[in-house]
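Visitor: Sharing a structure below in structure tokens format, with a few things to ask.
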Amino acid sequence: MEIVKNEASPEVKAKPPPRKRRKAQKKKVEDDEYTENKIFANMINQKFQPKSGRKKDETPMFEVRNGRATIKNSGNHEQTVSRTLDYHMNKLFQWEEQSDAVESAYSCALCHIDGMKRELFGPYYATHNPVKHWPTFLTKKPSAKKPVKIEVWFHGSCALWAPNVHLHGSQLTNLEPQLDIFWSQTCAVCRKNGASIPVQNKKNTFVHYPCAQNKGYKLDEHALLCNS
Ligand SMILES: [Zn+2]
Ligand SMILES: [Zn+2]
Numbered sequence: 095m096e097i098v099k100n101e102a103s104p105e106v107k108a109k110p111p112p113r114k115r116r117k118a119q120k121k122k123v124e125d126d127e128y129t130e131n132k133i134f135a136n137m138i139n140q141k142f143q144p145k146s147g148r149k150k151d152e153t154p155m156f157e158v159r160n161g162r163a164t165i166k167n168s169g170n171h172e173q174t175v176s177r178t179l180d181y182h183m184n185k186l187f188q189w190e191e192q193s194d195a196v197e198s199a200y201s202c203a204l205c206h207i208d209g210m211k212r213e214l215f216g217p218y219y220a221t222h223n224p225v226k227h228w229p230t231f232l233t234k235k236p237s238a239k240k241p242v243k244i245e246v247w248f249h250g251s252c253a254l255w256a257p258n259v260h261l262h263g264s265q266l267t268n269l270e271p272q273l274d275i276f277w278s279q280t281c282a283v284c285r286k287n288g289a290s291i292p293v294q295n296k297k298n299t300f301v302h303y304p305c306a307q308n309k310g311y312k313l314d315e316h317a318l319l320c321n322s
């Protein structure tokens, strides 16, 4: 028995060194992470910490009550977090007027229908260089051959049904190239441009959202197209 024990122990002892090294590397990563987190925490504290509060939002602790451990954040943590979230939400939905943009008619940039009932969303801005298909129904074409920023408004449904345009915070992404495409497409119903919804099984046939609705076309919300 003793011989077996002696034979086995050197083998076990031979293994630790590489494990030790791994552990040391891991510790280094953790330290870097900690330092980085600490820097961010300080930045958030500086910006969002309530001015009246005396306690800094510091390291959270475990609090054990009735044998159950819960994380207890220090001082004004909840307040700091809600201030941070509010700030980012406000920034995301902030509307900024861009005075260098060409003013346009208060009509939907896709279906041409004017926003009599103040139902249009916007203004959104799109810079075209150059505009291949100028929307004369919105505003006069400028004579200068330089990049033009134009103000545009949309019906909620018209924007929602426009392929490859996505709402990101307060902005519509990919608007410039898509508008150029939509303004080149004529609606199969009303014959005006700005048609964005492709008609299934009909090549190069597009319609406006209200036109599709008026004609009783079946709209397929998963594919952003319709059946005539
Ligand atoms: Zn519209
Ligand atoms: Zn139409």
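Positions in the sequence shown are counted from 1; adding 94 to them yields our numbering. Ideal Cβ placement from N, Cα and C applies to all residues, glycine included. Since we're looking at a predicted model, the values are computed, not measured.
1) So, at 8 Å on beta carbons, what are the nonlocal neighbours of Val242 in its own chain, with the 5 sequence-adjacent residues on each side left out?
2) Nearest-angstrom Cα distance between Gly263 and Met183?
3) For the 8 Å Cβ check, are there 3 or more pairs between the region 195-215 and the region 161-176?
4) Am I right that Phe248 and Cys202 are in contact with their C-beta atoms under 8 Å? What's the rounded C-beta distance?
5) Do the CB positions of Trp255 and Ser278 come within less than 8 Å of each other?
6) For Arg212, which of helix, strand or coil comes out of DSSP?
7) Quick one: Cα of Tyr218 to Cα of His206, how far?
8) By alpha-carbon positions, which one of Ser322, Lys297, Lys296 and Asn298 ends up nearest to Asn308?
9) Would you check whether ligand 2 has a heavy atom nearer than 7 Å to the C-beta of Cys305?
10) Going by alpha carbons, who is nearest to Asp54 out of Val246, Trp228 and Glu190?
11) What do you reckon, is the C-beta of Phe248 under 7 Å from a heavy atom of ligand 1?
12) How long is the line joining the alpha carbons of Ile127 and Leu179, rounded to whole angstroms?
13) Hey, how far is the Cα of Leu319 from the Cα of Gly250?
14) Using a Cβ-Cβ cutoff of less than 6 Å, which residues in the same chain neighbour Met95 once the five nearest sequence positions on both sides are dropped?
15) Is Ile291 near ligand 1, in the sense that its beta carbon is under 7 Å from a heavy atom of that ligand?
16) Verify the contact flag: Leu254, CB atom, against every heavy atom of ligand 1, threshold strictly below 7 Å.
17) Thinking Phe134 and Arg177 are a contact (beta carbons under 8 Å), I'd like their distance in whole angstroms, please.
18) Less than 6 Å between C-beta atoms, sequence neighbours within five positions excluded: which residues of the same chain meet that for Lys166?
19) Exposed or buried, Leu214, counting other C-beta atoms within 10 Å across all chains shown (16 or more means buried)?
20) Exposed or buried, which one is Asn160 when buried takes at least 16 other CB atoms within 10 Å?
21) Quick one: what's Arg159 bridged to in DSSP?
Guide: On the basis of the supplied data:
1) Val196, Thr221, His222, Asn223, Pro224, Val225 and Pro236
2) 9 Å
3) no
4) 6 Å
5) Contact: no.
6) coil
7) When rounded, the distance between both Cα atoms is 16 Å.
8) Ser322
9) yes
10) Nothing in the structure corresponds to residue 54, since the chain is present only between 95 and 322.
11) yes
12) In the sequence under discussion, the amino acid at residue 127 is Glu, which differs from the Ile named in the question. Cα to Cα, Glu127 sits roughly 23 Å from Leu179.
13) In a straight line, the C-alpha of Leu319 is about 17 Å away from that of Gly250.
14) A caution first: Met95 carries a pLDDT of 45, below 50, which makes its placement in the model too unreliable to give a value.
15) No, since every heavy atom of ligand 1 falls outside the 7 Å radius drawn around the Cβ of Ile291.
16) no
17) That belief does not hold up - the Cβ atoms of Phe134 and Arg177 are roughly 15 Å apart, past 8 Å.
18) Met155 and Glu157
19) buried
20) By the Cβ-count criterion, Asn160 is exposed, with fewer than 16 other Cβ atoms from all chains shown falling within 10 Å of its own Cβ.
21) Per DSSP, the beta bridge partners of Arg159 are Arg162.
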